[in-house]
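Novice: Residue numbers (our numbering): 5 to 197.
We treat Cβ as the ideally placed atom computed from N, Cα and C, and that holds for glycine.
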Ligand code: GAR
């Protein structure tokens, strides 16, 4: 059974979809802990499912490196086989990436390498793109630049706002994320960096 730690910053709707998938007895992965860099609303989903949580507040640390070291210490307590960044809106310091690479993956609301970074949906709209998408990647030292594990196109519709477009992307992200975690767990998908 693949053990998974999930890191979030926000509402955790994709986390919730993964929690629901992992609840099924024949799903080959289990979420063992959910962590956050702030008092994220999404931690409530983990609590509802009886999954332990931790918070390592970014603002409580003087440097990104010190924050990352504490984050890694918390993760290590659970010895996860895989770490999923599901809306973690912080760049991990290089030593943390190196510690877990390539067993650390990220979901992103754009068709990478198009529109990387913190505002993938807004940037696609601002560029006037007719389509964007969702991607699941291996985390490396770049910004959303690691190997792509899965991705799918999502059309931009006339009148889309950042919110309506993001809400249409998220179900695609969830489906891809659940499928990727499942394929990693069964060995169908090998991770490399
Ligand atoms: C997701 O769309 C995720 O891809 C995005 O944040 C959202 C989190 O939503 N992550 C990034 O943009 C990372 N660059 P959620 O908290 O409702 O799951």
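1) Can you tell me whether DSSP reads residue 124 as helix, strand or coil?
2) Please tell me whether, using a cut-off of 7 Å, the distance from the CB of residue 46 to the nearest non-hydrogen atom of the ligand GAR is below it.
3) Taking its Cβ as the centre, do 16 or more other Cβ atoms sit within 10 Å of residue 112, making it buried, or is it exposed?
4) Does the distance from the C-beta atom of residue 181 to that of residue 140 stay below 8 Å?
5) Residue 24 to residue 125, Cα distance in whole Å?
6) Residues in the same chain with beta-carbon distance under 8 Å from residue 160, minus the five sequence neighbours each way, listed in chain order, please.
7) Would you tell me roughly how many angstroms separate the C-alpha atoms of residue 40 and residue 163, rounded to the nearest one?
8) Near residue 76, which residues of its chain fall below 7 Å by C-beta distance, leaving aside the five closest residues on each side in sequence?
9) Could you give the residue range of the beta strand (DSSP E) that holds residue 175?
10) Only counting the same chain, and skipping five residues up and downstream in sequence, which positions put a Cβ closer than 6 Å to that of residue 106?
11) Can you tell me which of the three DSSP states residue 47 falls into?
12) From what residue to what residue does the alpha helix (DSSP H) around residue 161 run?
Specialist: In terms of the structure at hand:
1) Translated into the one-based positions of the chain shown, residue 124 becomes position 120. Looking at residue 124 - three-state DSSP - the assignment turns out to be helix.
2) Here residue 46 refers to the residue found at position 42 when the chain shown is read from its first residue. Yes.
3) Here residue 112 is taken as the residue at index 108 of the chain shown, counted from 1. The residue is buried, with at least 16 neighbouring Cβ atoms inside 10 Å.
4) Here residue 181 corresponds to residue number 177 of the chain shown, with the count starting at 1. Here residue 140 corresponds to residue number 136 of the chain shown, with the count starting at 1. It is a contact, given that the beta carbons lie within the stated cut-off.
5) Within the chain shown, numbered from 1, the residue matching residue 24 stands at position 20. Within the chain shown, numbered from 1, the residue matching residue 125 stands at position 121. One C-alpha to the other measures close to 25 Å.
6) Reading the chain shown from its first residue, position 156 is the one you call residue 160. Once the five neighbours on either side are set aside, the close Cβ partners of residue 160 are 128, 129, 133, 134, 135, 136 and 169.
7) One-based indexing of the chain shown puts residue 40 at position 36. One-based indexing of the chain shown puts residue 163 at position 159. Answer to the nearest angstrom: the Cα atoms are 33 Å apart.
8) Stepping through the chain shown from its first residue, residue 76 is reached at position 72. Closer than 7 Å at the Cβ level, and outside the excluded window around residue 76, lie 100 and 103.
9) Position 171 of the chain shown holds residue 175. From DSSP, residue 175 is part of no beta strand (DSSP E) but of the alpha helix (DSSP H) over 166-190.
10) Working through the chain shown from its first residue, we reach residue 106 at position 102. Excluding residues within five positions, the ones whose Cβ falls inside 6 Å are 142, 195, 196 and 197.
11) For the purposes of this step, residue 47 is taken as residue 43 along the chain shown, with counting starting at 1. It is helical.
12) Translated into positions along the chain shown, residue 161 becomes position 157. Taken as a continuous stretch (DSSP letters only), residue 161 belongs to no alpha helix (DSSP H), as it is neither H nor E.
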